[in-house]
Ligand SMILES: [Mg+2]
Ligand SMILES: [Mg+2]
Ligand SMILES: [Mg+2]
Ligand SMILES: [Mg+2]
Ligand SMILES: [Mg+2]
Ligand SMILES: [Mg+2]
């Protein structure tokens, strides 16, 4: 297997992804054809679970987009199970220490590098047992930094063997830093971001950002993040529907409209 | 029961709806809270079927939005079944003659007004048997005009007892008129639209339009249609995602962006 | 295969069934163990469709209860498909003429007795090809009498080769007879019931009744019906919940209660 | 958001709930309209999981009934995930110590009151970000007392900051006390109940009881419990079906029946 | 769009397909990678319906295998709906006359060639509106010959404009010819096969065979059929399981086994 | 309840099972009728989760096959939940110490033998409360030995009260022993197998083997294992499909084929 997103990060090529909270197969199919580098299916906060994944991952297979999964918790069996279903990488929430990071990385890799249990169901279906030879190298382990404790240990986390990237959860990080949720321009928050970026640079790994808005994603890439999510399926849907409602209601300037029938 | 959308049409109040092609419960929940007057779940071309409806309709129940269903064909058992599941109206494709219109209207009404079979499962669950006393008056039967034959018979269709509205399917109507799909500014097309509007005015019923775009919906309302769909869930999603990708890529003018963290 | 319910009818043994409108596997499992002779899954008015059947029928297989299906309409492909999924009989709505009856019976039987297409998927899974040798004899074709036209032709319908039973739909029959829905004590209704019973006696086939209430089912059996439904899953659930709420609220006489902890 | 059930408890108004073990949307819709104050969907012993919840919670949204979830275990990610899906409270099994209670309460509250991770998907869909301002106050954390260890620590558990109620699991408590399951009248059991009630009174929080029967629920309310479940969906269904079968079989006195057709 | 299977037929290249009766996504994913030229999902006799298709078709999209659907009946709305979901061709059962054939072909093509209604949901998602320009040419309409009436009219059916292939249903054809099911070596059966092959050669279209066994498929290809199904998913599964059970039981000669641990 | 497989093990009768990775109801129904002694549904590596189990277990209930579940991890709430859904035994991965074994066994048994929480939903539905009297004796707790640590502690694990069998995971054991995955003939591996067998003999419990192939299962039984899986549903399916494709392609000797039509 080849993890396209990981190749981009290793090559220093910034890329954008999409965040999926809804278990609709056809939303996933659509996203997979729009130019995002990766899609992250969210089992922590998203309205989906493992059973949904087994239907979503086949629907984007064969398209040039890397499937990532955010697991609900740093539990080896959860990480192993989503990898067996075909994920190319896992985003692990609430990684607060080097010990947490080792636990996550270990769950992503077969022995002797780690402790992943062997049973790569969909991967073997797709690739045969070549999978076993390449998985340890290609699976991405992505640790979320989103608490004050995680920030305090960020350099050790970034330096942990087997961690491929750090990923910022901005809302939880606000809470963790004692800020109001969404206070992303607070100097305390921006200093935290700088520290996380510095830690990834020192460790030679990638930094990623959950883009709370598309503007935030753009700024993150400009500031040195290797990857960011441009939004969630729900946000895409809602903004598109709101725009259509505004247009259809004529609340925009009618002058700009051309005849349509 | 009260059919809110039908009340609006009867009161001459123009309104906008949304078209649902995807069977995701949470997309439906979101749509139901955005200000659309009605949502039409599409069993003809949409990626959903009756089983999906049984999950979608409860998810929007209690919100101020009227559930309409486009059935796959003018078949009484299909019409009866979606009404039993809680639809407040049906959009019937390919109504080409007064006989077609009578068939559709009859399937929507209990005897002696029609031939609907009695078994209003979800309706009775929600309202009890008051439902039987109000359904014939409140259920909307909406006939699609989308072929040359339908256009030729539009006045008779509009005048059929029990038909509450006509609804234009613009792509099929293009095909039916021998035009290229999407040639909505062709005089042949616009003349057809005028004839349909005139037929509804004469018959004292409402006219509706499938808005191929939000602009088209706006124009339809401006031109006298009582209702129009502002877009589909897929189109909302795709346009929102495209916009986010553009913004996050920085392809828009960076000057307009404010700091976000 | 052996159709237990049909054997009972042929032996003149009255029996009770349950009506299923909800696609929950565990409700069906529970029903299958309570002593009902048959369960009818309703694809006409019930909140379920064919996909649900494929999950419900395996869940009651192996229990001593006969699976019947009410199809949405008298369409050969619908009848064939539910038989292929493992139904032992079909209840066909709105059989209004001998021609309707022949159409239904033909769809239930392989040539030369009928025109059922060969592909008994679940049946063959369960029994192997012994199924083909027994199906024509064991599959029950049950015609609903529920309109004035059906009543007018009831003797010819009962006498149609391949019809195994008639089944009364009382609410639709009220409508069809010009009565208020539920006016089951009206002499017009009771005379219709007598005529239907007489027609089945003459033809030597069974008569069945949709029991709108358990009392109605009891009376039907007492009056000569071979089978009746004692209620629906929704009615069972609602009455049990209402009873529990009353008891828990203490609205019943507290004197009768014994200590429970 | 407003948690109706919690308001009732805080106001000292006793209330009854229903327990849901089956993932059928329409059972839930029916329950939501019958007058129960709350419905608890059971992810510990019920035949449902998180994916079912995502379909069940929308189906009762908008009805005046509070959605509670019993999680399978006292795991923060499980608690967070069901809250994100729209639960207004969690019932946490096997809370055996103040430490267990703190763990549960922390998972229910955003920092600084707790450690809940931010991502209220359905809540935000329904309310927007007003949710974040009210959730910590309105989400109910309900700790189950159902072991000997839990009983031994019940006063400390009740006094734990953030615990809103205790809830008795009577079968497990029998086992935990070395009693036969169901021996609810044993003095050892009744003494335990009194101790739990006393602990809640001292702490100023509510006490709840899983009503093994409706009679048990009634007695619990009479004895000072603020809330109790009147039964489970399976018990409602089974008792209603049994009653109908008895009635239809004529095993009850026929004299009391009136004509039904 | 390009219909790979149709290209093979037009080029005179014989090919093998697989028949899918089970709605499991991962069986479909596996089949799509094994070298079959096409997979036919069976909505007539298979244990699946349209809702399943919406999950199965995305799972094989992107693999070099052509998705065909057998519809339950020759109904335009059924044909249109499966094409909208992404089928590249439809197999239509019980085509008994040239009129039947015209009805099927018309449902497969947009005007003016036919009467397909416009709404190619998944196709447009995958290809954009290029789909509309190519669909009429690439969609395959495949008529089943499986009754005596169909055989009597086979030359007219084969010559019908828009029919791309004939397909033999051998079990139904046995029944239709008055033979025992499975009597495939009866001269009456083999003569029918020869007549069907001759009709396709005269009309310049392809002939296909439902392979009741893999041997039958092989013989069909040898005898001039352009395509045949090598078996069904259920038959593949059952024969593989039976073989494994035999091997594991040691019922085969132990001498041939090599050590495995 | 009676656990048929456990009776066989206790009686010293070797038996074969099947491994299920796919959540298809009809595959399970088919397997249940083929002569396997047990079916293990795999929640660790299989493409299924708990929600699937609730549909799969009813589909095999009533057939003479014992339902086992491999849980994803040695977590009491996972074990309890699958038992409540009707499993007769659990296979627990990665049991590495006597402490791990005690944890697993405790989760399988009601107090005082263990700590299983009471709520046997499907079991009680099927058997009533007789279940509680028999479950502790009949539920099988099966501990997997598949790491070097587990091997080092195998005698203590086998001797743990409440452990009914050990089960070898050969691929993980290879990894754990520092061997290449699949190196089952390596003396290090075969010595490990001998040690595990000896431990079970000493403890008087059964030994089981995951049969990576049917040949491996056969050899395991020959070498003293009480039970082995003959293959997985995916392997059965793939080998059957491959065989059919080979046959239909004529790649086998045509001489051996008899006429089929
Ligand atoms: Mg977070
Ligand atoms: Mg149209
Ligand atoms: Mg009826
Ligand atoms: Mg408990
Ligand atoms: Mg056929
Ligand atoms: Mg293992």
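Protein chains in written order, with the working numbering: chain A, 4 to 264; chain B, 4 to 264; chain C, 4 to 264; chain D, 4 to 264; chain E, 4 to 264; chain F, 4 to 264. Where a beta carbon is used, it is the ideal one built from N, C-alpha and C, also for glycine. Computed from a predicted model, the values in this text were never measured in an experiment.
Around ligand 3, the residues selected by a Cβ distance under 5 Å to any of its heavy atoms are B:120, C:149, C:172 and C:175, following chain order. Under the 9 Å criterion on CB atoms, residue 225 of chain F is classed as interfacial with respect to chain E. Taken in chain order, the members of the stretch 193-223 of chain E whose beta-carbon sits within less than 7 Å of a beta-carbon on chain F are 193, 196, 214, 216, 217, 218, 219, 220, 221 and 222. Residues of the stretch 97-128 of chain E whose Cβ lies closer than 9 Å to any Cβ of chain A, in chain order: 124, 125 and 128. By the C-beta density criterion, residue 82 of chain C is buried, having at least 16 other C-beta atoms within 10 angstroms. Minimum Cα-Cα distance from residue 173 of chain C among the listed residues C:202, C:104 and C:219 corresponds to C:219.
Rounded to whole angstroms, residue 115 of chain A and residue 233 of chain B show a C-alpha spacing of 57 Å. Among the CB atoms of chain B, one or more fall inside 9 Å of the CB of residue 237 of chain C. In the three-state scheme derived from DSSP, where H, G and I count as helix and E and B as strand, residue 228 of chain F is classed as coil. At a cut-off of 9 Å between C-beta atoms, residue 54 of chain F counts as an interface residue with respect to chain D. Judged by beta-carbon spacing, residue 27 of chain D lies within the 9 Å limit of residue 236 of chain D, meaning their Cβ atoms are closer than that value. Here residue 187 of chain B is buried: its Cβ has 16 or more other Cβ atoms, across all protein chains shown, within 10 Å. When the alpha-carbon of residue 4 of chain A is set against those of A:207, A:143 and A:212, the nearest one is in A:143.
Within chain F, the residues 61 and 62 have their CB atoms less than 7 Å from the CB of residue 62 of chain C, given in chain order. Distance from the CA of residue 178 of chain E to the CA of residue 48 of chain E, rounded to the nearest whole angstrom, comes to 16 Å. Judged by their CB atoms, residue 87 of chain F and residue 68 of chain F are not nearer to each other than the 9 Å cut-off. Between residue 159 of chain D and residue 101 of chain D, the CB-CB gap stays under 9 Å. With respect to the C-alpha of residue 21 of chain E, the residue from E:251, E:240, E:253 and E:247 having the closest C-alpha is E:240.
Between the alpha carbons of residue 71 of chain A and residue 61 of chain A lies a gap of roughly 13 Å. Distances from the CB of residue 48 of chain E to the heavy atoms of ligand 5 include at least one below 8 Å. Rounded to the nearest angstrom, the gap between the Cα atoms of residue 136 of chain F and residue 96 of chain D is 23 Å. DSSP places residue 74 of chain E outside any alpha helix (DSSP H), giving it a letter other than H or E.
In the structure shown, the three-state DSSP call for residue 161 of chain A is helix. Taking 7 Å as the upper bound on Cβ-Cβ separation, chain C lies near residues 24 of the stretch 21-32 of chain E. Taking the C-beta atoms as reference points, residue 242 of chain D is found nearer than 9 Å to residue 247 of chain C. Counting only Cβ-Cβ distances below 9 Å, residue 37 of chain C has contacts in chain D at 241, 244, 245 and 248, in chain order. In summary, residue 205 of chain D is exposed, with fewer than 16 beta-carbon neighbours lying within 10 Å of its beta-carbon over all protein chains present.
DSSP, reduced to helix, strand and coil, places residue 54 of chain F within a helical segment of the structure shown. Our two residues, residue 253 of chain F and residue 209 of chain E, have alpha carbons roughly 20 Å apart in a direct line. Around the beta carbon of residue 8 of chain E, a 10 Å sphere encloses 16 or more other beta carbons of the protein chains shown; the residue is thus reported as buried. A residue is called buried when at least 16 other Cβ atoms come within 10 angstroms of its Cβ; residue 194 of chain D does not meet this threshold and is exposed. By the neighbour-count criterion, in which a residue is buried when 16 or more other Cβ atoms sit within 10 angstroms of its Cβ, residue 191 of chain B is exposed. Within chain C, the residues placing a beta-carbon under 8 Å from that of residue 57 of chain F are 28 and 29, ordered along the chain. Per DSSP, residue 126 of chain F is one residue of the alpha helix (DSSP H) stretching across 124-130. Every alpha helix (DSSP H) stretch that sits fully inside the stretch 158-202 of chain E and reaches 4 residues is listed by chain position as 173-179.
Those residues of the stretch 176-190 of chain E placed with their C-beta closer than 7 Å to a C-beta in chain B do not exist.
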